[in-house]
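Numbering (our numbering), first residue to last: 1 to 332.
As structure tokens, this is what we get:
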């Protein structure tokens with residue numbers, strides 16, 4: 001039987017759970033003395049039928065006391081431009097926070113912030129003891145979701161998480177400006193990694209760092225990293241579609257192996273870059289060269305984010321083919 005004692009400190013637990021990125025919301029309630037609100041990230045949907053959500057609040061929270069009194073509350077999900085709203089409601093005695101936001105009462109009487117990314121109005125269903133916190137379970141009465149597609153405010157490891165899109169830089173000698181386009185996305189596989197691995201990979205032209213992500217469903221995406229892409233002003237990026245016949249077996253029926261070598265040469269010449277080695281987006285086959293829909297970029301985007309790459313120069317595929325064939329690429 002497990003022991004009831006533990007050597008895990010509060011700080012260790014806080015730091016470990018801080019590695020789990022969350023959204024940020026302001027939990028609001030109202031009693032006879034007026035509105036109350038607290039910033040929270042320990043929030044989750046609990047049930048779809050009946051519609052239930054939960055929020056965990058510190059026992060010392062003034063807002064928790066108001067929720068107990070009113071038996072109602074609202075979860076106001078924040079967008080990325082609401083950092084100051086989050087900071088204001090995180091302070092105790094946050095009267096000034098209410099002066100900076102507009103709001104109206106929901107069906108339960110709880111305040112709904114007008115600019116919330118989404119607002120969920122609830123009646124208290126149950127309050128469960130949870131150590132130094134209480135778990136408030138609410139039955140959803142009303143949902144408001146303003147028009148627009150703002151990005152959410154995220155919190156990770158004790159700070160707000162900024163995930164800007166990758167910018168594209170223009171470089172000479174086979175590197176070209178590329179207009180950002182939505183990648184082919186697979187809906188049958190969760191793009192989040194369930195396991196990662198890292199190793200040093202010596203090659204004829206120098207040592208690369210090998211990163212590998214395994215996703216649910218067994219898909220593995222690898223990246224060959226050269227230099228420090230995050231520190232470079234425009235690291236060279238190339239997404240290579242896996243080809244068993246060309247890459248591994250050296251078949252001359254395609255130019256895949258030569259293009260792979262040419263991409264590594266270009267990355268080394270630039271001083272920093274990433275070669276994403278991916279399955280094809282169509283069916284994942286490594287045997288049908290040239291018949292896919294292009295590389296599956298979902299996991300590749302995750303690898304670039306992990307590496308801190310925000311700007312990149314992308315290799316023109318035509319230049320790679322020309323290099324692989326030993327010719328010069330010219331305009332048609």
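We put the CB at the ideal spot given by N, CA and C, even for glycine.
It should be emphasised that the depicted structure is a prediction, and the values quoted were computed from it without experimental measurement.
Query: Buried/exposed call for residue 63, threshold 16 Cβ in 10 Å; Result: buried
Query: The region 83-101 / the region 43-51 touching (three or more Cβ pairs under 8 Å); Result: no
Query: Beta-carbon proximity of residue 307 to residue 230, cut-off 8 Å; Result: yes
Query: Whole-angstrom distance between residue 61 and residue 210, CA atom to CA atom; Result: 47 Å
Query: Reduced DSSP secondary structure (H/G/I, E/B, other) of residue 273; Result: strand
Query: Whole beta strand (DSSP E) elements within the region 89-139, 3-residue minimum; Result: 103-105, 111-113 and 118-130
Query: Own chain partners of residue 8 with C-beta closer than 7 Å, once the 5 adjacent residues on each side are dropped; Result: none
Query: The alpha helix (DSSP H) enclosing residue 13, as first and last residue numbers; Result: 10-17
Query: Segment contact, 8 Å Cβ cut-off, at least three pairs: the region 90-97 with the region 130-149; Result: no
Query: Buried versus exposed, by CB contacts within 10 Å (16 or more), residue 20; Result: exposed
Query: With 16 other Cβ atoms within 10 Å as the buried cut-off, status of residue 84; Result: exposed
Query: Span separating the alpha-carbon of residue 115 from that of residue 80; Result: 12 Å
Query: Residue 39 (DSSP reduced to helix, strand or coil); Result: strand
Query: Endpoints, the beta strand (DSSP E) within which residue 72 is located; Result: 72-77
Query: Residue 145 burial status per 10 Å Cβ neighbour count (16 or more: buried); Result: exposed
Query: Supposed close pair residue 127, residue 136 - CB separation, criterion 8 Å; Result: 5 Å
Query: Inter-residue spacing [alpha-carbon to alpha-carbon] between residue 264 and residue 255; Result: 14 Å
Query: Residue 278 versus residue 161 - alpha carbon distance; Result: 27 Å
Query: Residues bridged to residue 241 [DSSP beta-bridge criterion]; Result: 278
Query: Cβ neighbour criterion (16 or more within 10 Å) applied to residue 241; Result: buried
Query: Three-state secondary structure (DSSP) of residue 34; Result: strand
Query: Expected contact under 8 Å - CB spacing of residue 26 and residue 39 to nearest Å; Result: 6 Å
Query: Sequence-distant residues of the same chain with beta carbon closer than 6 Å to residue 151, five excluded per side; Result: 80
Query: For residue 232: DSSP bridge partner residues; Result: None, per the DSSP bridge assignment.
Query: Continuous beta strand (DSSP E) stretch holding residue 54: start and end; Result: 52-58
Query: Proximal residues to residue 208 (C-beta, below 7 Å), its chain only, five neighbours per side dropped; Result: 201, 224, 225 and 226
Query: C-alpha distance - residue 43 paired with residue 124, whole-angstrom precision; Result: 14 Å
Query: Which residues DSSP lists as bridging residue 211, in chain order; Result: 198 and 223
Query: Alpha-carbon spacing of residue 303 relative to residue 310, whole angstroms; Result: 12 Å
Query: Contact set for residue 245: own chain, Cβ-Cβ below 6 Å, skip 5 residues either direction; Result: 251
Query: Reference residue 32; option with closest CA among 228, 47, 16 and 69; Result: 69
Query: Cβ neighbour criterion (16 or more within 10 Å) applied to residue 157; Result: exposed
Query: Environment of residue 45 [buried if 16+ CB atoms lie within 10 Å]; Result: exposed
Query: Cβ neighbours of residue 272 in the same chain (closer than 7 Å, five flanking residues each side left out); Result: 226, 227, 228, 229, 232 and 235
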